Structure formats: structure tokens, C-alpha cells
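Here the sequence shown is numbered in our numbering, starting from 4 and rising by one per residue. Even for Gly, the Cβ is constructed at its ideal location relative to N, Cα and C. Please read all numbers here as calculations on a predicted model, not as lab measurements.
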Amino acid sequence: PEGFRVLRSVDGYARIRGGVTYPSVLLRVGSEDPLVSPWQSGKMAARLQTYARPGTRVLVRLTDDGGHGGLASGDSRVTEFADVYTFLLGELSDAR
Numbered sequence: 004p005e006g007f008r009v010l011r012s013v014d015g016y017a018r019i020r021g022g023v024t025y026p027s028v029l030l031r032v033g034s035e036d037p038l039v040s041p042w043q044s045g046k047m048a049a050r051l052q053t054y055a056r057p058g059t060r061v062l063v064r065l066t067d068d069g070g071h072g073g074l075a076s077g078d079s080r081v082t083e084f085a086d087v088y089t090f091l092l093g094e095l096s097d098a099r
């Protein structure tokens, strides 16, 4: 029982609940990730969208390579960083 409580306390999906203001989110997932299946990010995005206030962005960025272990090619990493920075700049400019 104690181990279950500890695992549940760090489970982001289980911790999402109503009445909390969540920021916009960009979830990144690799289709070949050995540790996190792509469907798990989709499930997380759907739950966040359920509880997010209107106008909150919940995006999923799926790549054909990469994931845990850094298998992405150099071009893929550059494109991914460009997408992440574009998302961040968009959020920061909306915050003003």
C-alpha cells in the first residue's frame, strides 16, 4: 500500500483534477520511445483538455524517432527545439 501511494503521488495523470488552473502544455513524445507509449501522452492531453479553462493550449508533438535515450537525428532535434521555443515564445507573449 505504501508503494502504491508513492507511485500515485508522482503520477501526473492521476493528479489532474478540476478546480485547478493549468497552464498551456506542449507534450513531446517519440513514437519509438521504449518508456512512454504515445497513447499515454494522448490520454494525458485529453485529461488536461477536460479540466483546462477555455483558451488554454494543450498540444502533443509526436516524432517518428527520439524519446527516452536520445535516438533522434540532428535535424529532428533542431526542428523539435524550434517548435518548443516557438511554443514558449507564444505563451510568454500572451502572458503580457
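Per DSSP, the bridge partner or partners of residue i
{"i": "Thr66", "result": "Gly33"}
{"i": "Val23", "result": "Paired residues: none, contrary to the question."}
{"i": "Val154", "result": "As shown, the chain starts at 4 and ends at 99. That puts residue 154 outside it, with no answer to give."}
Rounded separation between residue i and residue j - CA only
{"i": "Thr118", "j": "Val28", "result": "Nothing can be reported for residue 118: it is not among the residues displayed for the chain, which extend from 4 to 99."}
{"i": "Val87", "j": "Gly6", "result": "34 angstroms"}
Assigned exposure category for residue i - 16 Cβ within 10 Å defines buried
{"i": "Thr66", "result": "buried"}
{"i": "Ser96", "result": "exposed"}
Cβ-Cβ separation, residue j to residue i (assumed contact under 8 angstroms), whole Å
{"i": "Met47", "j": "Gly21", "result": "Actually they do not touch by this definition, with Cβ atoms about 16 angstroms apart."}
{"i": "Arg56", "j": "Thr24", "result": "6 angstroms"}
{"i": "Leu92", "j": "Val63", "result": "About 19 angstroms separates the two Cβ atoms, so there is no contact after all."}
Coarse secondary structure for residue i, derived from DSSP in three states
{"i": "Pro41", "result": "helix"}
{"i": "Asp78", "result": "helix"}
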